[in-house]
Amino acid sequence: MSTNTCCVYLSDKLAAYGFGNEHPFGPQRHHVFAQAFHDQALDQKVDILEAVRTDQRSLECFHNHEYIQKVIEQSKFGVGFLDDGDTPAFIGMYEAVCYIAGSVIDAIDQLMKAHYKTAFIPIAGLHHARRNTAAGFCVINDCGIAIETLFQRYGLQRVAYVDIDAHHGDGVFYSFEDDPRLIFADMHEDGRFLYPGTGAIDETGSGDAAGTKLNIPMPPESDDELFFKMWP
């Protein structure tokens, strides 16, 4: 039995998610991470797990059926866009997102069963996609799938989501804006300067969820010192 408290998912199946070598979101993201991880000998301090594939039903715990059917069809030929022109289809994208979502769900299972204290998936955090559409290079929203898995499979009544990506996690925020079960905290570059242009400080949730969401917009080029100061 492993004594490591952290697991990391590394696999070429995760690297399959990308829009070509010239695109900012290409397969090199996974390979660069994996190489640096190995060079620093961090792979000796964690358990490396293989990607796990999930099925259509699991994707639809967050996304609606019609949208996932669209992903399946456009995955066959890699033609067109999944949104208004930002997120192109690519051949094999359905299989790729099934491995991303499957690894996220497996990580949740590992944590909930106390096999590990932390888990990391380098090609994940696709937080822009909405329930019925892609957005911002995100074909699916694995963050939303993770949250719904915790609600639906494990019956949790309160989940905390913390997002420190430079871009506001709008797909998560607006999907759960009125859900008081999700405690949402997001630190990101001010939407006046960076995509997707959302995440103002006064966006704190709506209805019964008012006050359960925290957005912290940061000035462009903020450094680590300011980053830590901004946390309340």
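Last residue of the sequence shown: 275 (my numbering), numbering continuous.
C-beta atoms are modelled at their ideal positions from N, C-alpha and C, and glycine is treated no differently.
Quiz item: Within this structure, are the beta carbons of G121 and A132 separated by less than 9 Å?
Solution: To locate residue 121, count along the sequence shown from 1; it is residue 78. To locate residue 132, count along the sequence shown from 1; it is residue 89. In this structure, A132 lies closer than 9 Å to G121 by Cβ.
Exercise. Whole angstroms is fine: what's the gap from E220's alpha carbon to H210's?
Key: In the sequence shown, residue 220 corresponds to position 177, counting from 1. In the sequence shown, residue 210 corresponds to position 167, counting from 1. One C-alpha to the other measures close to 17 Å.
Self-check item: For I259 and D127, the rounded distance between their alpha carbons
Solution: As a first step, residue 127 is located in the sequence shown; it is residue number 84 there, counting from the start. As a first step, residue 259 is located in the sequence shown; it is residue number 216 there, counting from the start. Looking at the two C-alpha atoms, the distance is approximately 27 Å.
Quiz item: Are at least three pairs of beta-carbons, each pair with one atom in the segment 67-79 and one in the segment 142-162, less than 8 Å apart?
Solution: no
Self-check item: Inter-residue Cα distance where the pair is D233 and K272
Solution: Sequence index remark: in the sequence shown, residue 233 carries index 190 (1-based). Sequence index remark: in the sequence shown, residue 272 carries index 229 (1-based). Taking the straight line joining both Cα atoms gives about 16 Å.
Self-check item: Cβ separation of L154 and A94, assumed to be a contact under 8 Å, to the nearest whole Å
Solution: Taking the first residue of the sequence shown as 1, we reach residue 154 at position 111. Taking the first residue of the sequence shown as 1, we reach residue 94 at position 51. Actually they do not touch by this definition, with Cβ atoms about 17 Å apart.
Quiz item: Among Q112, H81, R224, K113, which has the Cα closest to the Cα of G250?
Solution: As a working note, residue 250 is residue 207 in the sequence shown. The shortest Cα separation from G250 among Q112, H81, R224, K113 belongs to R224.
Self-check item: Reference M261; option with closest CA among R235, G135, G248
Solution: Position 218 of the sequence shown holds residue 261. Closest by alpha carbon: R235.
Quiz item: Secondary structure at K256, three-state DSSP: helix, strand or coil?
Solution: Position 213 of the sequence shown, counted from the first residue, corresponds to residue 256. It is a strand residue.
Practice problem: Compare the C-alpha of A172 against each of D149, Y110, I226, V205 and name the closest. | Solution: What you label residue 172 is simply residue 129 of the sequence shown in a count that begins at 1. If we check each option's Cα against that of A172, Y110 comes out closest.
Quiz item: Does the segment 79-97 come within contact of the segment 44-55, defined as at least 3 CB pairs closer than 8 Å?
Solution: yes
Practice problem: Look at I151 and A189 and say whether their C-beta atoms are less than 9 Å apart. | Solution: Reading the sequence shown from its first residue, position 108 is the one you call residue 151. Reading the sequence shown from its first residue, position 146 is the one you call residue 189. For I151 and A189, yes; Cβs fall inside 9 Å.
Quiz item: For I166 versus Y137, is the C-beta distance shorter than 9 Å?
Solution: Translated into the one-based positions of the sequence shown, residue 166 becomes position 123. Translated into the one-based positions of the sequence shown, residue 137 becomes position 94. In this structure, Y137 does not lie closer than 9 Å to I166 by Cβ.
Quiz prompt | Simplified DSSP state of T176, which is helix, strand or coil | solution = Within the sequence shown, residue 176 is the residue found at index 133, counting from 1. Three-state DSSP puts T176 in a strand.
Self-check item: Other residues of its chain near Q99: CB distance less than 7 Å, five sequence neighbours each side excluded
Solution: Here residue 99 is taken as the residue at index 56 of the sequence shown, counted from 1. Counting only Cβ-Cβ distances below 7 Å, and skipping sequence neighbours, we find I111.
Quiz item: On the three-state DSSP scale, how would you describe E246?
Solution: Start at 1 with the first residue of the sequence shown, and residue 246 comes out as number 203. If DSSP states are grouped into helix, strand and coil, E246 belongs with coil.
Exercise. Compute the Euclidean distance between the alpha carbons of L199 and F105, then round it to the nearest angstrom.
Key: Walking along the sequence shown from the start, residue 199 turns up at place 156. Walking along the sequence shown from the start, residue 105 turns up at place 62. Rounded to the nearest angstrom, the two C-alpha atoms are 16 Å apart.
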